[in-house]
Amino acid sequence: MTITQLTYVIAIAEHKNFTKAAEKCFVTQPTLSTQIQKLEEELEVLIFDRSKKPIELTEVGRKIVQQARNIVNESERIQDIVDQQKGFIGGEFRIGIIPTVMPTLLPMFLKTFIKKFPKVKLKIEELTTDEIILRIKEGHLDAAIAATPLESENIKERVLYYEPFVGYIPEHHRLFDKKSIEVSDLEINDMLLLEDGHCFRDGIINLCKAFKNQNEDSFQLESGSIETLIKLSNEGLGMTLLPYLHTLELNDSLKVNLHHFVEPSPAREVSIIYHKSELKMQIIDALHDVISGIIRGAIAFQNVKIISPLSK
Numbered sequence: 001m002t003i004t005q006l007t008y009v010i011a012i013a014e015h016k017n018f019t020k021a022a023e024k025c026f027v028t029q030p031t032l033s034t035q036i037q038k039l040e041e042e043l044e045v046l047i048f049d050r051s052k053k054p055i056e057l058t059e060v061g062r063k064i065v066q067q068a069r070n071i072v073n074e075s076e077r078i079q080d081i082v083d084q085q086k087g088f089i090g091g092e093f094r095i096g097i098i099p100t101v102m103p104t105l106l107p108m109f110l111k112t113f114i115k116k117f118p119k120v121k122l123k124i125e126e127l128t129t130d131e132i133i134l135r136i137k138e139g140h141l142d143a144a145i146a147a148t149p150l151e152s153e154n155i156k157e158r159v160l161y162y163e164p165f166v167g168y169i170p171e172h173h174r175l176f177d178k179k180s181i182e183v184s185d186l187e188i189n190d191m192l193l194l195e196d197g198h199c200f201r202d203g204i205i206n207l208c209k210a211f212k213n214q215n216e217d218s219f220q221l222e223s224g225s226i227e228t229l230i231k232l233s234n235e236g237l238g239m240t241l242l243p244y245l246h247t248l249e250l251n252d253s254l255k256v257n258l259h260h261f262v263e264p265s266p267a268r269e270v271s272i273i274y275h276k277s278e279l280k281m282q283i284i285d286a287l288h289d290v291i292s293g294i295i296r297g298a299i300a301f302q303n304v305k306i307i308s309p310l311s312k
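One point on numbering: in the UniProt record's numbering, the residue at position 145 of the sequence shown is 145, and numbering is uninterrupted.
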C-alpha cells in the first residue's frame, strides 16, 4: 500500500469516474486503474462498485476513503516539519473566501502579503460557506476566510476581526430620519436580502428573528450581490444591511443613507478557518498576522454583539 494509491482512491471517490480522477492526478487512466486493482487485491476487498454509473464506493470502500484522507493529510506533515525547521514560508496555498468578504478584504491585504511573503503562491477562490467546509474536509483547500462560528467538526477557527452591520436606509423610508437604529426597528418584510446560500443573509435573518416573531417567507426581493441590493434600495423597494467594510467604498451621495446601530452593534465574526490537522500552519499564521494587522486600522468598533451565520 502506498500514499500514491491512497491519493488515487480519494480522487476516484470524489470524481466518481476513473478517467476524470486520472486527469486530476496527472496520470493515465490505465496507470490509475492498475494501481487501484493492486490495492484491492492486496486488501482482498472491492473499494469501488464498478457496475454502478457513476461509480460508487462499497460499504468498506467508504471507510477506506475516510482513513485514506487522514493518512494522506498526515503524510504531508513531513514536508511541513521540514519547512518549519528551515523557517521556510512558501509553496502553493489554496484559500477560499466567502463572496461578502472577498471584494472588500482581498484588496486590503493581498498586495502586502505578496510583498512580505513572495515565495507563497496563493490560489484564491470565491466560495460559499458550505462549499468551503466541504473542500477543507476533502483536502482541496488549505484554509478559508468565512463568517464564524461554524461549529463544524474537524475545522478550527481563528478570529480575524469583528465587522458591524450597518443599515442602508434610503430617503422616504420610515427609518430614514432616525440618527441611530435599533434591532427592534427592523421589519423583515421590507428587508432586501442576498440570495439563499450567503451566510450574511442567514445572519440578518437570525438578527431579525431574535427580536420579533417574523416569518422568513415574507421576503419578496433577493439578489446575488450587495451592489444590487443598494440599487434596489435606492429605487424605494426597501432597506438593507451592509457589512461595515462595504460602506467605506460608497460615494458621499450614498453614504447619507447609512445608519449605524445603537451599541452594542450587531456584527459578524470573520475568521480564518482550517482543518484540525493544522497543515501549513506557518502560512496560516502569516495570513492571520497580516490581515488582522491591516484590519485594525479600518475597524475601530469594540462594543459589538456577534450574530451567528448558522441557519436557524
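Glycine residues also receive a C-beta, built at the ideal position from the N, C-alpha and C atoms.
Quick caveat, the model's predicted, so the values are computed rather than measured.
Within the same chain, Cβ atoms closer than 6 Å to the Cβ of GLN84 are found at GLN282, the five residues on either side in sequence being excluded. Its Cα nearest to that of THR104, the residue LEU250 stands out among LEU250, GLN67, GLN79, PHE48.
Collapsing the DSSP output to three states places ASP142 in coil. DSSP places ILE55 in the coil class of the three-state scheme, outside both helix and strand. The Cβ atoms of GLN5 and LEU39 sit closer than 8 Å to each other.
For the segment 93-166, the continuous alpha helix (DSSP H) assignments of 4+ residues that do not extend past its boundaries occur at 102-116, 129-138, in sequence order. Put simply, of LYS231, ILE47, TYR274 the residue whose alpha carbon is nearest the alpha carbon of VAL9 is ILE47. GLY91 is bridged by DSSP to VAL120. Taking every protein chain shown into account, the CB of GLU74 has fewer than 16 other CB atoms within 10 angstroms, so this residue is exposed. Beta-bridge analysis with DSSP links ASP49 to GLU56. Looking at the DSSP output, LYS305 sits in a beta bridge with PRO266. Between the segment 89-97 and the segment 281-300, the count of C-beta pairs closer than 8 Å reaches three or more; the two stretches touch.
By the 16-neighbour rule on beta-carbons within 10 angstroms, GLU44 is exposed. For THR4, the enclosing alpha helix (DSSP H) has its first and last residue at 3-15.
Closest in alpha carbon position to GLY238, among TYR274, GLU187, ALA147, is GLU187.
Between GLU138 and GLU14, the C-beta gap is smaller than 8 Å, which places the two residues in contact. When DSSP states are grouped into helix, strand and coil, HIS288 belongs to the helix group. Between PRO170 and GLY236, the C-beta spacing is below 8 Å. By the criterion of at least three beta-carbon pairs nearer than 8 Å, the segment 151-168 is in contact with the segment 259-267. In terms of Cβ geometry, LEU241 and ILE307 do not form a close pair [threshold 8 Å]. In the structure shown, PRO30 falls within a helical segment according to DSSP collapsed to helix, strand and coil.
Between ILE71 and the set LEU110, ILE3, LYS178, the nearest pair of CA atoms involves ILE3. About 7 Å separates the beta carbon of THR112 from that of ILE294, a gap short enough to meet the 8 Å contact definition. ASP177 and SER292 have their C-alpha atoms some 35 Å from each other.
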